Amino acid sequence: MRLLLWSVMWIGIAFALSVFVSYIIYDMDLAVLQKQLQAASAVFFMAALIIGGVFTTNRAFRSKKRFFYHEEWSFICIIVTIGLFTLSLLFS
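With the UniProt record's numbering, the residue at position 29 of the sequence shown is 29, and numbering never jumps.
Quick look at the structure:
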């Protein structure tokens with residue numbers, strides 16, 4: 001449940017930021033908003049790859065104190081990527 005909550009929160013933040021930037025710069029053009037949502041989802045996908053690949057090395061697994069698990073954040077970024085691409089498809 002915590003994964004879903006974090007995912008919805010990040011989707012909302014990215015969507016609100018994209019709408020705000022689109023409104024300020026391009027006067028709410030839906031094609032620009034669609035491209036901005038696709039770019040934001042690409043950034044989250046890149047973050048998922050970095051978190052999943054770099055931070056899950058043997059050195060990270062040897063650490064006994066874990067504030068959060070990197071696998072969870074990688075999965076959250078993948079869910080946010082899928083959600084933002086879905087929202088961008090709604091504007092096409």
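By construction, the Cβ of each residue, glycine as well, lies at the ideal position given by its N, Cα and C atoms. Owing to the predicted nature of the structure, the values given are computational and were not obtained by experimental measurement.
- [ ] Enumerate in chain order the residues of its own chain whose CB-to-CB distance from Q38 is below 6 Å, with the five nearest sequence positions on each side excluded.
- [x] As a working mapping, residue 38 is identified with position 38 in the sequence shown. Non-local C-beta neighbours of Q38 in its own chain, meaning closer than 6 Å and more than five positions away in sequence, comprise S88, ordered along the chain.
Open item on the list: Given this structure, state the Cα-to-Cα distance separating S7 from G83, to the nearest angstrom.
Closed with: Translated into the one-based positions of the sequence shown, residue 7 becomes position 7. Translated into the one-based positions of the sequence shown, residue 83 becomes position 83. The alpha-carbon atoms of S7 and G83 are separated by roughly 9 Å.
TODO: Within its chain, find whatever has a CB closer than 6 Å to the CB of F44; leave out the 5 residues flanking it on each side and keep chain order.
DONE: On the sequence shown, position 44 is the one that residue 44 refers to. Here the set comprises C77, V80 and T81.
- [ ] Report the residue from L49, M46, S41 and Y26 whose alpha carbon sits nearest the alpha carbon of A14.
- [x] In the sequence shown, counting from the first residue as 1, residue 14 sits at position 14. Nearest of L49, M46, S41 and Y26 to A14, Cα basis: S41.
Task: C-alpha distance - L17 paired with F85, whole-angstrom precision - done: The count along the sequence shown starts at 1 and reaches residue 17 at position 17. The count along the sequence shown starts at 1 and reaches residue 85 at position 85. Looking at the two C-alpha atoms, the distance is approximately 15 Å.
Task: Boundaries of the alpha helix (DSSP H) in which S92 is found, first to last residue - done: Against the sequence shown, residue 92 aligns to sequence position 92. Looking at the DSSP string, S92 is not in any alpha helix (DSSP H), and its letter there is neither H nor E.
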